[in-house]
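Structure record follows, encoded as structure tokens.
Number of protein chains: 4
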Amino acid sequence: MFKITLLIHCPDTSGIISKVTTFFHNHKGNIIYIDQYVDTENKIFFMRLESEFRSKIEIASFKKAFSEEIAMPYQMSWQMYTAGNPIKMAVFVSKYDHCLYDILSRYKSGELNVEIPFIVSNHPDLKPIADSFGIGFHHIPVTKENKEEAEEQQLDLLQKEKIDVVILARYMQIVSGKLIQRFPNRIINIHHSFLPAFAGARPYHSAYKRGVKIIGATCHYVTEELDAGPIIEQDISRISHSHSIRDLILKGRDLEKIVLARGIKLHVERKTLVYNNKTIIFT
Amino acid sequence: MFKITLLIHCPDTSGIISKVTTFFHNHKGNIIYIDQYVDTENKIFFMRLESEFRSKIEIASFKKAFSEEIAMPYQMSWQMYTAGNPIKMAVFVSKYDHCLYDILSRYKSGELNVEIPFIVSNHPDLKPIADSFGIGFHHIPVTKENKEEAEEQQLDLLQKEKIDVVILARYMQIVSGKLIQRFPNRIINIHHSFLPAFAGARPYHSAYKRGVKIIGATCHYVTEELDAGPIIEQDISRISHSHSIRDLILKGRDLEKIVLARGIKLHVERKTLVYNNKTIIFT
Amino acid sequence: MFKITLLIHCPDTSGIISKVTTFFHNHKGNIIYIDQYVDTENKIFFMRLESEFRSKIEIASFKKAFSEEIAMPYQMSWQMYTAGNPIKMAVFVSKYDHCLYDILSRYKSGELNVEIPFIVSNHPDLKPIADSFGIGFHHIPVTKENKEEAEEQQLDLLQKEKIDVVILARYMQIVSGKLIQRFPNRIINIHHSFLPAFAGARPYHSAYKRGVKIIGATCHYVTEELDAGPIIEQDISRISHSHSIRDLILKGRDLEKIVLARGIKLHVERKTLVYNNKTIIFT
Amino acid sequence: MFKITLLIHCPDTSGIISKVTTFFHNHKGNIIYIDQYVDTENKIFFMRLESEFRSKIEIASFKKAFSEEIAMPYQMSWQMYTAGNPIKMAVFVSKYDHCLYDILSRYKSGELNVEIPFIVSNHPDLKPIADSFGIGFHHIPVTKENKEEAEEQQLDLLQKEKIDVVILARYMQIVSGKLIQRFPNRIINIHHSFLPAFAGARPYHSAYKRGVKIIGATCHYVTEELDAGPIIEQDISRISHSHSIRDLILKGRDLEKIVLARGIKLHVERKTLVYNNKTIIFT
Numbered sequence: 001m002f003k004i005t006l007l008i009h010c011p012d013t014s015g016i017i018s019k020v021t022t023f024f025h026n027h028k029g030n031i032i033y034i035d036q037y038v039d040t041e042n043k044i045f046f047m048r049l050e051s052e053f054r055s056k057i058e059i060a061s062f063k064k065a066f067s068e069e070i071a072m073p074y075q076m077s078w079q080m081y082t083a084g085n086p087i088k089m090a091v092f093v094s095k096y097d098h099c100l101y102d103i104l105s106r107y108k109s110g111e112l113n114v115e116i117p118f119i120v121s122n123h124p125d126l127k128p129i130a131d132s133f134g135i136g137f138h139h140i141p142v143t144k145e146n147k148e149e150a151e152e153q154q155l156d157l158l159q160k161e162k163i164d165v166v167i168l169a170r171y172m173q174i175v176s177g178k179l180i181q182r183f184p185n186r187i188i189n190i191h192h193s194f195l196p197a198f199a200g201a202r203p204y205h206s207a208y209k210r211g212v213k214i215i216g217a218t219c220h221y222v223t224e225e226l227d228a229g230p231i232i233e234q235d236i237s238r239i240s241h242s243h244s245i246r247d248l249i250l251k252g253r254d255l256e257k258i259v260l261a262r263g264i265k266l267h268v269e270r271k272t273l274v275y276n277n278k279t280i281i282f283t
Numbered sequence: 001m002f003k004i005t006l007l008i009h010c011p012d013t014s015g016i017i018s019k020v021t022t023f024f025h026n027h028k029g030n031i032i033y034i035d036q037y038v039d040t041e042n043k044i045f046f047m048r049l050e051s052e053f054r055s056k057i058e059i060a061s062f063k064k065a066f067s068e069e070i071a072m073p074y075q076m077s078w079q080m081y082t083a084g085n086p087i088k089m090a091v092f093v094s095k096y097d098h099c100l101y102d103i104l105s106r107y108k109s110g111e112l113n114v115e116i117p118f119i120v121s122n123h124p125d126l127k128p129i130a131d132s133f134g135i136g137f138h139h140i141p142v143t144k145e146n147k148e149e150a151e152e153q154q155l156d157l158l159q160k161e162k163i164d165v166v167i168l169a170r171y172m173q174i175v176s177g178k179l180i181q182r183f184p185n186r187i188i189n190i191h192h193s194f195l196p197a198f199a200g201a202r203p204y205h206s207a208y209k210r211g212v213k214i215i216g217a218t219c220h221y222v223t224e225e226l227d228a229g230p231i232i233e234q235d236i237s238r239i240s241h242s243h244s245i246r247d248l249i250l251k252g253r254d255l256e257k258i259v260l261a262r263g264i265k266l267h268v269e270r271k272t273l274v275y276n277n278k279t280i281i282f283t
Numbered sequence: 001m002f003k004i005t006l007l008i009h010c011p012d013t014s015g016i017i018s019k020v021t022t023f024f025h026n027h028k029g030n031i032i033y034i035d036q037y038v039d040t041e042n043k044i045f046f047m048r049l050e051s052e053f054r055s056k057i058e059i060a061s062f063k064k065a066f067s068e069e070i071a072m073p074y075q076m077s078w079q080m081y082t083a084g085n086p087i088k089m090a091v092f093v094s095k096y097d098h099c100l101y102d103i104l105s106r107y108k109s110g111e112l113n114v115e116i117p118f119i120v121s122n123h124p125d126l127k128p129i130a131d132s133f134g135i136g137f138h139h140i141p142v143t144k145e146n147k148e149e150a151e152e153q154q155l156d157l158l159q160k161e162k163i164d165v166v167i168l169a170r171y172m173q174i175v176s177g178k179l180i181q182r183f184p185n186r187i188i189n190i191h192h193s194f195l196p197a198f199a200g201a202r203p204y205h206s207a208y209k210r211g212v213k214i215i216g217a218t219c220h221y222v223t224e225e226l227d228a229g230p231i232i233e234q235d236i237s238r239i240s241h242s243h244s245i246r247d248l249i250l251k252g253r254d255l256e257k258i259v260l261a262r263g264i265k266l267h268v269e270r271k272t273l274v275y276n277n278k279t280i281i282f283t
Numbered sequence: 001m002f003k004i005t006l007l008i009h010c011p012d013t014s015g016i017i018s019k020v021t022t023f024f025h026n027h028k029g030n031i032i033y034i035d036q037y038v039d040t041e042n043k044i045f046f047m048r049l050e051s052e053f054r055s056k057i058e059i060a061s062f063k064k065a066f067s068e069e070i071a072m073p074y075q076m077s078w079q080m081y082t083a084g085n086p087i088k089m090a091v092f093v094s095k096y097d098h099c100l101y102d103i104l105s106r107y108k109s110g111e112l113n114v115e116i117p118f119i120v121s122n123h124p125d126l127k128p129i130a131d132s133f134g135i136g137f138h139h140i141p142v143t144k145e146n147k148e149e150a151e152e153q154q155l156d157l158l159q160k161e162k163i164d165v166v167i168l169a170r171y172m173q174i175v176s177g178k179l180i181q182r183f184p185n186r187i188i189n190i191h192h193s194f195l196p197a198f199a200g201a202r203p204y205h206s207a208y209k210r211g212v213k214i215i216g217a218t219c220h221y222v223t224e225e226l227d228a229g230p231i232i233e234q235d236i237s238r239i240s241h242s243h244s245i246r247d248l249i250l251k252g253r254d255l256e257k258i259v260l261a262r263g264i265k266l267h268v269e270r271k272t273l274v275y276n277n278k279t280i281i282f283t
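The listed protein sequences derive, respectively, from chains A, B, C and D. First residue of the first sequence? That's 1 in the numbering used here, and the numbers climb one at a time after it. First residue of the second sequence? That's 1 in the numbering used here, and the numbers climb one at a time after it. First residue of the third sequence? That's 1 in the numbering used here, and the numbers climb one at a time after it. First residue of the fourth sequence? That's 1 in the numbering used here, and the numbers climb one at a time after it.
So, in structure tokens, the structure goes:
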């Protein structure tokens with residue numbers, strides 16, 4: 001069984017679904033998933049579709065036909081994926097290990113359909129974990145002075161390994177605009193607050209100070225404005241006055257790892273589209 | 001703008017989506033919502049579709065064409081709704097008023113696209129509430145002796161007013177098989193537990209006794225087996241050892257009214273399909 | 001059975017619990033609830049205690065003894081309540097009725113141990129609801145020009161009826177500093193966002209624009225800084241890209257009424273203490 | 001600073017709190033936490049108390065005094081812990097690694113105040129994980145024939161290492177009555193359903209079949225009746241018709257590890273008491 005996943009968005013007009021589904025049908029594709037959404041404010045049509053084919057199709061000519069017959073007439077932005085090669089994912093960490101353990105244990109159990117060629121860190125501390133999972137570890141220290149150079153090193157690694165997506169798993173550095181532009185909507189961060197509340201540094205301290213009764217975590221695509229990128233997933237946990245900042249940090253860790261894992265899954269299963277700094281999540 | 005909502009299920013095969021969407025497109029319908037699900041175990045295809053038409057269509061001939069060209073060849077079970085007439089809904093209550101207040105205040109605010117011709121109760125207590133909302137109230141006492149007769153009265157009322165759906169809003173009586181057969185998947189009950197845990201009577205007492213840390217409520221279609229019908233919606237609330245049975249009852253009320261309201265909305269917006277004693281919920 | 005509820009806070013020191021509980025024991029009080037919290041940062045001790053007495057005690061002399069023997073030596077701020085007279089609560093509304101219906105149906109069912117002498121509104125729309133529950137309704141229009149005068153009228157009403165607590169149940173006006181100073185930590189507001197996110201006007205519109213995946217509601221005491229008072233209770237609801245602003249508003253209503261009801265209950269059951277713009281909630 | 005944690009339960013009577021807190025005060029203990037609960041049905045008083053002492057006290061004589069002056073007159077069952085030695089915890093696993101990774105990464109980060117001398121498994125699969133964390137691993141195969149003998153081996157290990165608590169971290173074997181009697185309320189299991197719903201084998205399959213909209217996990221003390229022991233903690237996750245059994249299993253894993261971790265923490269921080277097959281959880 002050969003499988004294709006298609007993501008599109010285009011100006012909203014009548015007949016798109018019929019045209020697209022008929023195209024797949026005519027090419028002997030059986031549609032096993034379809035979901036669509038219309039942004040009525042901006043008049044944009046979004047769709048995600050999965051199709052199975054009994055026999056392998058010639059993907060290049062299929063894409064060409066789709067482009068000419070469907071995508072161009074409807075002015076579509078589109079992405080088409082075949083199930084073959086898993087996404088290549090790099091993980092950036094600092095010293096906290098809870099998200100890294102969580103990602104790697106999911107990876108090992110086959111829960112994430114990705115390949116993780118290496119881990120990058122500005123500290124050497126988590127190398128033993130990378131080792132125990134048999135994954136490469138690059139220690140690239142980042143200081144005020146060498147920031148640009150360090151980033152070049154990171155970019156080289158990402159390009160050499162043809163990385164698709166970068167996960168900032170509590171990587172405590174601000175990523176530069178250059179990296180972000182090279183990986184638009186392909187750098188995923190976990191922020192330890194319920195955004196837009198408590199953006200920036202030390203959100204648990206701010207949450208404690210404000211006396212909120214619920215804390216949260218937010219998984220989002222990284223854009224140049226700090227903690228303001230398209231939100232992929234959020235979740236929350238109840239707290240009370242009796243919780244210290246340390247309690248919030250501990251409770252928050254569980255949120256961070258779960259929310260980041262969900263965000264990663266949504267991305268690697270090609271269930272996210274970004275438009276206008278917001279995500280459309282096809283579930 | 002004229003709008004049609006279509007719900008179908010049929011044996012799964014290739015090309016259904018393409019056929020249906022092209023049919024709508026050819027009749028000048030613009031599909032504004034489509035969602036589908038395949039029960040791979042039973043090989044059944046389910047779909048919900050909303051389509052807008054710029055000009056009013058001849059619905060009888062449209063239905064006929066759909067039946068002949070699409071539904072019959074694919075052996076579909078299907079329901080087609082136009083937005084015109086709201087669903088007619090009867091509410092059955094006993095003495096508890098929290099669900100009734102909740103339903104009626106939503107009704108009054110226009111949140112529910114229904115018409116409520118009357119309320120039925122085996123007790124007279126809630127008549128003043130019906131009065132204050134200007135809704136008819138039928139007091140039909142139910143005893144062991146008159147149960148059959150009382151049910152005849154209920155059926156008469158339901159038929160005379162052409163009721164589409166019956167809501168058991170904490171109606172503390174078991175509904176007979178006769179009524180259920182006349183309204184298959186059209187009687188909605190709220191059960192005050194997280195089914196299948198604590199089916200039957202006095203679930204809060206059982207929850208207290210078992211020492212659970214979470215209580216729930218379940219909105220489901222009524223079938224002849226008690227509390228075993230297709231589940232539409234569930235939700236839960238945290239409790240602790242310090243909560244008395246009375247606390248559970250009070251906390252539970254909030255669950256009951258919210259969960260019932262969500263279930264009613266899903267039904268009246270034609271977002272539910274039932275198959276094999278389970279619901280497919282199109283959201 | 002005669003019951004006293006005591007709330008205290010004072011500089012933290014050793015022996016307070018022992019002293020207080022022994023005082024109650026010596027006065028033949030049986031302690032049925034005790035909870036305490038120490039703010040280690042500010043070195044403040046907080047406690048809530050409920051005590052039952054088999055026979056009615058002379059409350060004035062009991063208070064005097066407590067004041068002299070316990071409160072003064074420990075520099076306590078303290079409140080002592082007897083179960084006798086229910087709290088007098090005024091409800092301020094504008095045009096939205098969902099919170100009002102919710103409060104009044106709880107009131108009627110005896111769930112809230114309060115007395116509601118009247119409802120105040122700047123619009124006449126909700127008078128019929130007040131009528132149907134047999135509660136007084138004062139229509140006090142508020143304009144830019146008459147704001148001060150209107151507030152005088154409100155204050156007169158509150159004083160004449162000896163109101164303890166004011167509930168802003170989606171009262172769409174900013175309350176003046178004068179009223180707030182007269183009712184410190186006794187005006188309760190429901191804000192339709194997850195504070196501190198989306199403070200101010202039109203939070204559902206802001207939440208929609210930001211693309212959050214969760215919306216919230218916050219019940220808080222009103223202070224002079226808008227939406228920045230001590231938080232009593234919060235809760236959240238999941239949303240997705242497919243929810244319109246209107247969907248958020250509808251979903252939010254359910255949050256608002258539940259969260260406000262919980263906040264009211266905590267206050268009227270004397271389970272809240274405020275310190276440093278945060279609440280201690282004894283549950 | 002020297003710290004004592006006290007847990008008691010006894011027949012409810014007047015003056016207990018006063019007596020206990022005065023005892024601590026007289027021994028120069030500063031009470032930093034007190035919480036109590038009265039089971040009014042069974043007339044049992046429960047209390048948890050933490051006290052700090054500026055200088056080290058003679059614990060043996062302190063205990064003796066407490067026993068004679070307080071515990072005996074009030075017929076108390078009581079446990080007194082000093083913060084010194086961490087709890088010794090054994091982890092039993094089969095082949096699933098998600099709970100094990102979660103426990104060990106928390107252990108390593110210092111989040112759990114325990115010592116884990118060894119892991120026991122009926123399969124050799126997870127030995128590499130134990131190795132990478134530097135923890136002993138005992139492979140004790142269990143078959144129908146050798147069950148009794150295997151259990152003897154387990155008991156020997158538990159006794160030799162003076163294990164306090166046993167965690168069944170998805171250990172897919174039923175533990176015998178003998179082991180349970182030796183470790184009453186000291187064997188903690190994670191069951192992958194919202195008990196009492198779906199007790200026994202394959203709960204995700206049953207949940208799928210029943211069409212529930214929410215799945216859960218339950219952490220409980222093991223008693224001889226399967227999945228019927230005192231519940232320590234539960235949590236839930238929303239699902240829909242579109243989730244396959246495999247989806248439930250994956251979503252469930254996240255629940256299992258979080259709920260088990262919370263249960264373990266409550267136990268090792270001495271925050272649980274068991275009475276009448278229910279837990280009192282002091283938070």
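Don't be surprised by glycine CBs; every beta carbon is placed ideally from N, CA and C.
- No Cβ of chain A is located within less than 8 Å of the beta carbon of threonine 21 of chain C.
- A straight line joining the alpha-carbon of lysine 28 of chain D with that of isoleucine 32 of chain C spans about 25 Å.
- In the displayed model, asparagine 189 of chain A falls within a strand according to three-state DSSP.
- Scanning the region 191–245 of chain D from its first residue to its last, the whole beta strand (DSSP E) runs of 3-plus residues come out as 214–221, 231–238.
- Taking the CA atoms as reference points, isoleucine 264 of chain A sits about 56 Å from isoleucine 70 of chain D.
- Nearest in C-alpha terms to arginine 270 of chain D, of all of D:Asn42, D:Thr283, D:Lys251, is D:Thr283.
- With distances taken between CA atoms, leucine 112 of chain B lies nearest to B:Asp102 out of B:Val120, B:Ala130, B:Asp102.
- If one requires a minimum length of 4 residues, the alpha helix (DSSP H) runs lying completely within the region 51–115 of chain D are 59–66, 98–108, in chain order.
- If you draw a 10 Å sphere on the C-beta of glutamate 233 of chain D, you find 16 or more other C-beta atoms in it, and that means buried.
- From the listed residues B:Tyr171, B:Asp254, B:Thr5, B:Ile214, the smallest Cα separation to threonine 82 of chain B is found for B:Thr5.
- Scanning its chain for C-beta atoms nearer than 6 Å, with the 5 sequence neighbours on each side dropped, one finds around glycine 136 of chain D the residues Phe118, in chain order.
- The beta carbon of valine 222 of chain D sits no closer than 8 Å to any beta carbon of chain B.
- The region 247–265 of chain A and the region 194–210 of chain A touch, with three or more beta-carbon pairs separated by less than 8 Å.
- If you check the CB distance, histidine 241 of chain D and isoleucine 281 of chain B come in under 8 Å.
- Each residue's CA atom was taken as its position, placing serine 176 of chain D and lysine 127 of chain B some 59 Å apart.
- Under the criterion of beta carbons closer than 8 Å, aspartate 254 of chain C and isoleucine 258 of chain B qualify as touching, at roughly 6 Å.
- Among the residues of chain B, those whose CB is under 7 Å from the CB of tyrosine 37 of chain D are His241, Ser242, following chain order.
- Taking isoleucine 180 of chain B as the centre and dropping the five residues before and after it, the same chain places the C-beta of Ile187, Val222, Thr223, Glu224 closer than 8 Å to its C-beta, in chain order.
- The contact set of asparagine 30 of chain C on chain D, defined by CB atoms closer than 7 Å, consists of Ser14 in chain order.
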